[in-house]
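Residue numbers (the UniProt record's numbering): 1 to 572.
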Amino acid sequence: MDYDKINEFWEIENMGINSQENINLEMQILEKFEENTTYTNGQYETKLLWKDDQFQLNNNYEIAKKRLFNLNDKFKRDKNLCLNYKEIIQQQLKDGIVEYANCETNNTCPGYFIPHHAVIREQMEATKVRICFDASSKSKDQVSLNDLLYSGPNLKPELLRMVLKFRIGKIAMCADIQRAFLEIGIKENYRKYLQFLWGQDNGTCLDLEGQPIRALKMKRVPIGVNCSPFLLAATIRTHLKKYQHLEVTQKLNDLYVDDFLCSVETLPKAKEYYKDASQILKEAGMNLRKWVTSSPDLERWWKNNKVDYRGCVAESEVTQKVLGLVWNHHLDCLKVDIGNISNMKGTYLSKRSVLSICGMLFDPLGMLISFTVRMKLLLQNTWELDLQWDEPLPPDIHETFQSWLDEVDTASQISLSRPYFLNTKTEPAEIHIFSDASPKAYGCVAYFRKVTDGTISSSFIVAKCRLAHLKKLSLARLELMGALVSARLAEYLQKTFPWIASDHIFFWSDSQIILHWINGDPLRWKEFVGNRVREIQEKTNRHHWNYCRGKTNPANKLTRGLSIHVLVQDDI
Numbered sequence: 001m002d003y004d005k006i007n008e009f010w011e012i013e014n015m016g017i018n019s020q021e022n023i024n025l026e027m028q029i030l031e032k033f034e035e036n037t038t039y040t041n042g043q044y045e046t047k048l049l050w051k052d053d054q055f056q057l058n059n060n061y062e063i064a065k066k067r068l069f070n071l072n073d074k075f076k077r078d079k080n081l082c083l084n085y086k087e088i089i090q091q092q093l094k095d096g097i098v099e100y101a102n103c104e105t106n107n108t109c110p111g112y113f114i115p116h117h118a119v120i121r122e123q124m125e126a127t128k129v130r131i132c133f134d135a136s137s138k139s140k141d142q143v144s145l146n147d148l149l150y151s152g153p154n155l156k157p158e159l160l161r162m163v164l165k166f167r168i169g170k171i172a173m174c175a176d177i178q179r180a181f182l183e184i185g186i187k188e189n190y191r192k193y194l195q196f197l198w199g200q201d202n203g204t205c206l207d208l209e210g211q212p213i214r215a216l217k218m219k220r221v222p223i224g225v226n227c228s229p230f231l232l233a234a235t236i237r238t239h240l241k242k243y244q245h246l247e248v249t250q251k252l253n254d255l256y257v258d259d260f261l262c263s264v265e266t267l268p269k270a271k272e273y274y275k276d277a278s279q280i281l282k283e284a285g286m287n288l289r290k291w292v293t294s295s296p297d298l299e300r301w302w303k304n305n306k307v308d309y310r311g312c313v314a315e316s317e318v319t320q321k322v323l324g325l326v327w328n329h330h331l332d333c334l335k336v337d338i339g340n341i342s343n344m345k346g347t348y349l350s351k352r353s354v355l356s357i358c359g360m361l362f363d364p365l366g367m368l369i370s371f372t373v374r375m376k377l378l379l380q381n382t383w384e385l386d387l388q389w390d391e392p393l394p395p396d397i398h399e400t401f402q403s404w405l406d407e408v409d410t411a412s413q414i415s416l417s418r419p420y421f422l423n424t425k426t427e428p429a430e431i432h433i434f435s436d437a438s439p440k441a442y443g444c445v446a447y448f449r450k451v452t453d454g455t456i457s458s459s460f461i462v463a464k465c466r467l468a469h470l471k472k473l474s475l476a477r478l479e480l481m482g483a484l485v486s487a488r489l490a491e492y493l494q495k496t497f498p499w500i501a502s503d504h505i506f507f508w509s510d511s512q513i514i515l516h517w518i519n520g521d522p523l524r525w526k527e528f529v530g531n532r533v534r535e536i537q538e539k540t541n542r543h544h545w546n547y548c549r550g551k552t553n554p555a556n557k558l559t560r561g562l563s564i565h566v567l568v569q570d571d572i
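As structure tokens, then:
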């Protein structure tokens, strides 16, 4: 593991920008994709994205063959895996996704052979087994297929922005594209680089000794080739250009790989979006399926119209993973998925395993941030001790971290209403952002505030927290860092919710010192303070910064950390 990159975890700021050179390259790749892509009989077909048309690529046959034998050994131990795997291959041959290669399978066969393996997804209702390809496979001193291909620009929308938008409307719905990658064709001349090996059926395994190994090749975009995510996203974007006149097109532009989700205010609008989205993607040869909604009325309409929707007959079926979060679509609330962390109880605790546990937690909204900041502080402590990766933690840190793990299960009790507000009246809303700092961490928390018929209501939007740098800063400077995070978050939220005017965004701090700095001339202060004050003033209205007492500042909790039992009782 690259130690320098891990150390960046503790930097005060770690902001990346795209160089002009990268932007120009991305534009060239997009233009090349459009030149390479055709639309015939309701299906798109494209080419692989070679970095250079002149290349030498070993066919990787021996490695692919060895990996097939290893896979067959797994089949012998797992009958169901073998049957599922063979069923997928047979169905893909039948559907024209895969075809037999017209060459003898040996080490002189032109092209490239990709090893393949099973990815088992127990949580999936339908496709529990997915065949994935390892296009990074190569022998010593050789290059792989992925080495020779551009991965392409990242066209995925920002995940946090998608979650924030998903919470806007009263009615939420989502679906996924069936076999999304496999609905995009690869042009004939490029399929020889997408070959893979298979064998003759022999009960619950393959006959690889008595029969010749067969060579097959993909006719569609495979999972595991580094340009595949780009080819899928770019194909959909190209297709959507034909439908700019339809309102739902913007929602489809926000597809996260093959997941479609949106929220609307009314049932008629939900029906319109369902019809238009389904028809648009159908014309690209893609099928939106497994629809889920928070609206019983929409669900009944789907049932009457024989839509492929996901109803539920048991309590365990009311949850759906949406952008990494758990969505209970009957209660219409969101939770953080803590299942993987819960399974880590009793594990050997070292710097490596603690970092791994940190990586398991996906909480983009910061619902559990007051609880999880304790874990991050413990990880920071291990850095200060300069421990080896697999060295056991000191007893005091081990005990504290194990205590934190013991609390994890209770985190499943914490949920957040998906819609910001339950009423649908359209009074203008305000955004209020509170910042705070402690010697250990700094951050902010944002809320909507709305007045309806004289009644004030508020709704949690998002919380952000960063650990204080290992190089100690004064508390006032950390408070200023928290204010800077507030200013940057405000800019981000205004782009996400463009109907919220800047004069409806307000800021709160319990530090009189930083409010004095923010309302002053940046040139009066030393470089550290002056630079940050200047950015805050550029991004916010200095007259919208207000003082609040520490006891009433909700950001106070996220910078100091709470036990999960206290957080459960807290009104988020």
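Just so you know, even glycine gets a beta-carbon here, dropped at the ideal spot from N, CA and C.
**Message:** If I follow the unbroken alpha helix (DSSP H) through THR249, where does it start and stop?
**Reply:** Position 249 of the sequence shown, counted from the start, is the residue given in the question as residue 249. Element bounds for THR249: 248-253.
**Message:** Please report the distance separating the alpha-carbon of GLU283 from that of LEU558.
**Reply:** By one-based count along the sequence shown, residue 283 stands at place 283. By one-based count along the sequence shown, residue 558 stands at place 558. In a straight line, the C-alpha of GLU283 is about 48 Å away from that of LEU558.
**Asked** What separation, rounded to the nearest whole angstrom, lies between the Cα atoms of LYS450 and ILE177?
**Response** Walking along the sequence shown from the start, residue 450 turns up at place 450. Walking along the sequence shown from the start, residue 177 turns up at place 177. Whole-angstrom Cα-Cα distance: 37 Å.
**Asked** For the putative contact between THR293 and ALA172, defined by C-beta atoms under 8 Å, what is the C-beta separation to the nearest angstrom?
**Response** Within the sequence shown, numbered from 1, the residue matching residue 293 stands at position 293. Within the sequence shown, numbered from 1, the residue matching residue 172 stands at position 172. Rounded, the Cβ-Cβ distance is 7 Å, consistent with contact.
**Prompt:** Closest by CA to SER412, which one among GLY454, ILE431 and THR319?
**Reply:** By 1-based counting over the sequence shown, the position of residue 412 is 412. Minimum Cα distance to SER412 is reached at THR319.
**Request:** Taking ASP570 as part of the beta strand (DSSP E), name the residues at either end of that continuous run.
**Result:** Within the sequence shown, numbered from 1, the residue matching residue 570 stands at position 570. Note, ASP570: premise wrong, no beta strand (DSSP E); not H, not E.
**Extent of the continuous beta strand (DSSP E) to which LEU267 belongs** = As a position in the sequence shown, residue 267 is number 267, starting the count at 1. Segment 267-282 is the alpha helix (DSSP H) holding LEU267; no beta strand (DSSP E) there.
**Asked** Hey, out of THR46, GLU45, ASP207 and PHE33, whose CA is closest to LEU68's CA?
**Response** Position 68 of the sequence shown, counted from the first residue, corresponds to residue 68. Closest by alpha carbon: ASP207.
**Ordered list of beta strand (DSSP E) runs contained in the stretch 291-328, each at least 3 residues** = 319-322 and 325-328
**Contacting residues, own chain, Cβ-Cβ under 8 Å from LEU467 (five flanking each side not counted)** = Position 467 of the sequence shown, counting from 1, holds the residue named residue 467. TRP10, VAL373, LYS376, LEU377, GLN380, LYS440 and ALA441, listed in sequence order.
**Message:** Within 10 Å of its beta-carbon, does THR37 have 16 or more other beta-carbons around it, so buried, or fewer, so exposed?
**Reply:** Within the sequence shown, numbered from 1, the residue matching residue 37 stands at position 37. Label assigned to THR37: buried.
**Prompt:** Relative to the C-alpha of LEU331, which residue among PRO268, LYS271 and PRO419 is closest?
**Reply:** Start at 1 with the first residue of the sequence shown, and residue 331 comes out as number 331. Checking every option, the nearest Cα to that of LEU331 belongs to PRO419.
**Prompt:** Does the stretch 470-479 come within contact of the stretch 508-522, defined as at least 3 CB pairs closer than 8 Å?
**Reply:** yes
**Message:** Cutting at 6 Å between CB atoms, please list the residues of its own chain near SER263, excluding the five before and the five after it.
**Reply:** In the sequence shown, the residue the question calls residue 263 occupies position 263. Excluding sequence neighbours, SER263 sits near PHE166, ILE168, GLY169 and ALA172.
**Request:** Could you spell out the range, first to last residue, of the alpha helix (DSSP H) harbouring ASN531?
**Result:** The residue labelled residue 531 in the question sits at position 531 within the sequence shown. Per DSSP, ASN531 belongs to the alpha helix (DSSP H) from 527-539.
**Request:** Consult DSSP for CYS103 and reduce its assignment to one of helix, strand or coil.
**Result:** As a position in the sequence shown, residue 103 is number 103, starting the count at 1. Three-state DSSP puts CYS103 in coil, outside helix and strand.
**Rounded separation between LEU390 and LYS351 - CA only** = The sequence position of residue 390 within the sequence shown is 390, counting from 1. The sequence position of residue 351 within the sequence shown is 351, counting from 1. The residue asked about is misnamed: residue 390 is Asp in this sequence, not Leu. Each residue's Cα considered, the two are about 6 Å apart.
**Item:** Nearest-angstrom beta carbon gap, VAL462 and ASN555 [assumed within contact, 8 Å]
**Value:** In the sequence shown, the residue the question calls residue 555 occupies position 555. In the sequence shown, the residue the question calls residue 462 occupies position 462. The question names Asn, but residue 555 is Ala in the sequence shown. Their Cβ separation, rounded to whole angstroms, is 12 Å, which puts ALA555 and VAL462 out of contact at 8 Å.
**Asked** Just how far apart, CA to CA, sit GLU87 and LYS290?
**Response** Locating residue 87 in the sequence shown gives position 87, counting from the first residue. Locating residue 290 in the sequence shown gives position 290, counting from the first residue. Answer to the nearest angstrom: the Cα atoms are 22 Å apart.
**Message:** Quick check: the Cα distance between GLU8 and TRP383, rounded to an integer number of angstroms?
**Reply:** In the sequence shown, the residue the question calls residue 8 occupies position 8. In the sequence shown, the residue the question calls residue 383 occupies position 383. Any reading at GLU8 needs caution, since the residue's pLDDT is 43, under 50, leaving its predicted position unreliable; the model's value is listed next. Approximately 12 Å between the Cα atoms of the pair.
**the stretch 183-191 in contact with the stretch 53-65 per 3-pair CB rule at 8 Å** = no
**Item:** Given 8 Å, three or more beta-carbon pairs between the stretch 341-358 and the stretch 191-199
**Value:** no
**Request:** Measure the Cβ-Cβ separation of VAL257 and TYR273 and say whether it is below 8 Å.
**Result:** Against the sequence shown, residue 257 aligns to sequence position 257. Against the sequence shown, residue 273 aligns to sequence position 273. No, the Cβ-Cβ distance between VAL257 and TYR273 is not below 8 Å.
**Prompt:** With a CB to CB cut of under 8 Å and the five nearest residues on each side skipped, what residues in its chain are close to GLN537?
**Reply:** One-based indexing of the sequence shown puts residue 537 at position 537. Correct list, in chain order: ILE518 and PRO522.
**Request:** Could you tell me whether the Cβ atoms of SER228 and PHE181 are closer together than 8 Å?
**Result:** Taking the first residue of the sequence shown as 1, we reach residue 228 at position 228. Taking the first residue of the sequence shown as 1, we reach residue 181 at position 181. It is a contact, given that the beta carbons lie within the stated cut-off.
**Asked** Is DSSP giving GLU158 helix, strand or coil here?
**Response** Taking the sequence shown and counting its residues from 1, one reaches residue 158 at position 158. Of the three classes helix, strand and coil, the one that applies to GLU158 here is coil, per DSSP.
**Request:** Just confirm the distance between the C-beta atoms of MET481 and ALA429, as a whole number of angstroms; I'd bet it's less than 8 Å.
**Result:** Here the question's residue 481 lines up with position 481 in the sequence shown. Here the question's residue 429 lines up with position 429 in the sequence shown. About 27 Å separates the two Cβ atoms, so there is no contact after all.
**Asked** Can at least three beta-carbon pairs, one atom from the stretch 402-410 and one from the stretch 562-572, be found at a separation below 8 Å?
**Response** yes
**Message:** Report the start-end ranges of each alpha helix (DSSP H) in the stretch 30-116 that is 4 residues or longer and not cut off at the edges.
**Reply:** 61-77 and 79-94
**Prompt:** Do you know whose CA, among SER278, GLN279 and LYS271, lies nearest GLU299's CA?
**Reply:** Reading the sequence shown from its first residue, position 299 is the one you call residue 299. Cα-wise, what sits closest to GLU299 is LYS271.
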